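Chains as they are written, first to last, in the numbering used here: chain A, 24 to 155; chain B, 165 to 486. Ideal Cβ positions, reconstructed from N, Cα and C, are used throughout, including at glycine. Model, not experiment: these values are computed from the prediction.
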């Protein structure tokens, strides 16, 4: 079960890099170059991905042509906005390294760093002010 | 009765005054773990005192005596005295109701909170597993996204999540320091500590102590993770990473009010480490132990009756046939 989950990520990675509709056989042959895998396994994984809404498919002769429903960027944006919302509604208890803040507040942090660098001896890992 | 009143008074005073006394106490920043333990002990102490007060109302309070026979006699006599009058039974019922409601409420909020958090985290983890690329060298997963952010997902599918923008923004040393910070959260199960504080705050949202404890524990957990990261990385690297990532938010993204905390963290990291001395740490630990013991000791009188009630030879005192 866990392996199928890992394969979903691998297959989606292929689908996104291909950028065009693929058949199960096409993906299977590509995967075969790197790992031992059964055709039926790839078919099951792609069928699962279709059922879960990651892939859409249409008939092309005797086979299905699969295609990513949305780009990796769109999915990433969704995961990210969920993660950012999770920090405020506390439900998921995701722990962010630091909350994003308005530019004027973020500037205070950089000023504190700069003052410290001026006061003490300069160290090598001083970070140049990043884009606001 | 006296015991119950004393416990309730103790709980009320602690719940109302302790946040004012403790908030902004500078020693907690020097010993975040001790501070977290203190807030937890305060919360537990208040809940225990209130729950035990209800129990004490339901039970007769004997005169404290070292003599077991005297205690037993007192136990039975006051049991009879307590339940003989309707008022006594009413108070006992109210006490038991109070205790039951308190414990059920905390239990309900704890289980519902944990279940919901677990469900949402698993859903998030499933999406993440497909979308994010594993980065075994960093022991993290990388999400393709233009906003620089780093967070950790606790629970069974625990992992640290970085965005591509975060990897680009941070230097290699800063990145390692940030990862150490997030791994400290995961390794020390900080989400459970947060969930505990959140349970109290949701169960009793009008109690100032529980609201303050949740906010302070969340803040101190960040300091604790900073300290853990400092053990293997430059303090300045973490401070620089904080400054770099705090300003990386997109204008349209919702901005949390974490500003003052982040600034405090940067300032704290730029100063040399200044852990609390042994004497004051021991003092803090003593206070924590006392907070946990006080409700138990005060309630020990009535509780002793429960312990002895199991052996209370009531039929022997009032033998039906002999």
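- By the beta-carbon neighbour count (other beta carbons within 10 angstroms, threshold 16), residue 127/A is exposed.
- Of all residues in the stretch 344 to 372 of chain B, those with a C-beta nearer than 9 Å to a C-beta of chain A are 345, 346, 349, 350, 354, 355, 356, 358, 359 and 362, reading in chain order.
- Chain-order list of chain A residues neighbouring residue 327/B: 99 and 103, by C-beta distance under 9 Å.
- Distance from the CA of residue 345/B to the CA of residue 339/B, rounded to the nearest whole angstrom, comes to 10 Å.
- The CB of residue 28/A comes closer than 9 Å to the CB of 290, 293 and 294 in chain B, given here in chain order.
- When DSSP states are grouped into helix, strand and coil, residue 464/B belongs to the helix group.
- Chain-ordered listing is empty here: chain B has no CB closer than 9 Å to the CB of residue 92/A, the nearest sitting near 12 Å.
- The secondary-structure analysis by DSSP pairs residue 86/A across a beta bridge with 83/A.
- At least one beta carbon of chain A lies nearer than 9 Å to the beta carbon of residue 411/B.
- Looking at the DSSP output, residue 309/B bridges to nothing.
- Under the DSSP definition of a beta bridge, residue 457/B lacks any partner.
- With a 10 Å radius around the Cβ and a threshold of 16 neighbouring Cβ atoms, residue 204/B comes out buried.
- Taking the beta carbon of residue 314/B as reference, the chain A residues within 9 Å of it are 119, 120 and 121, listed in sequence order.
- For residue 324/B, the enclosing beta strand (DSSP E) has its first and last residue at 323 to 327.
- Residue 68/A sits close to residue 31/A, with the two beta carbons spaced by under 9 Å.
- Taking a 10 Å sphere around the C-beta of residue 76/A, we find fewer than 16 other C-beta atoms and assign the residue as exposed.
- Judged by their CB atoms, residue 343/B and residue 324/B are nearer to each other than the 9 Å cut-off.
- By the criterion of at least three beta-carbon pairs nearer than 8 Å, the stretch 367 to 376 of chain B is not in contact with the stretch 86 to 102 of chain A.
- When DSSP states are grouped into helix, strand and coil, residue 320/B belongs to the coil group.
- If you draw a straight line from the Cα of residue 192/B to the Cα of residue 429/B, it is about 13 Å long.
- By the beta-carbon neighbour count (other beta carbons within 10 angstroms, threshold 16), residue 396/B is exposed.
- Proximity of residue 41/A to chain B, defined by a Cβ-Cβ separation below 9 Å, is not satisfied.
- For residue 430/B, the chain A residues whose Cβ falls inside 7 Å of its Cβ are 132, 135 and 136, in order along the chain.
- Scanning chain A for C-beta atoms nearer than 7 Å to the C-beta of residue 342/B yields 120, reported in chain order.
- At a beta-carbon threshold of 7 Å, the residues of chain B lying near residue 35/A are 294, ordered along the chain.
- Between residue 380/B and residue 184/B, the gap from beta carbon to beta carbon reaches 9 Å or more.
- Scanning its chain for C-beta atoms nearer than 8 Å, with the 5 sequence neighbours on each side dropped, one finds around residue 333/B the residues 312, 408, 409 and 412, in chain order.
- At the C-beta level, residue 174/B and residue 213/B come within 9 Å of one another.
- Excluding sequence positions up to five before and after residue 200/B, its CB lies within less than 6 Å of the CB of 381 and 384, all in the same chain and listed in chain order.
- A check of alpha carbon separations from residue 136/A across 406/B, 442/B and 425/B identifies 406/B as the nearest.
- Between the alpha carbons of residue 289/B and residue 47/A lies a distance of about 26 Å.
- Under a 10 Å Cβ-count criterion, residue 438/B is classified as exposed, with fewer than 16 other Cβ atoms of the shown protein chains found around its own Cβ.
- When Cβ pairs closer than 8 Å are counted between the two stretches, the stretch 351 to 361 of chain B is seen not to touch the stretch 257 to 271 of chain B, the count staying below three.
- For the stretch 183 to 208 of chain B, no residue has a beta-carbon sitting nearer than 7 Å to a beta-carbon of chain A.
- The beta carbon of residue 444/B sits no closer than 9 Å to any beta carbon of chain A.
- Between residue 122/A and residue 426/B, the beta carbon gap of about 7 Å places them in contact (Cβ cut-off 8 Å).
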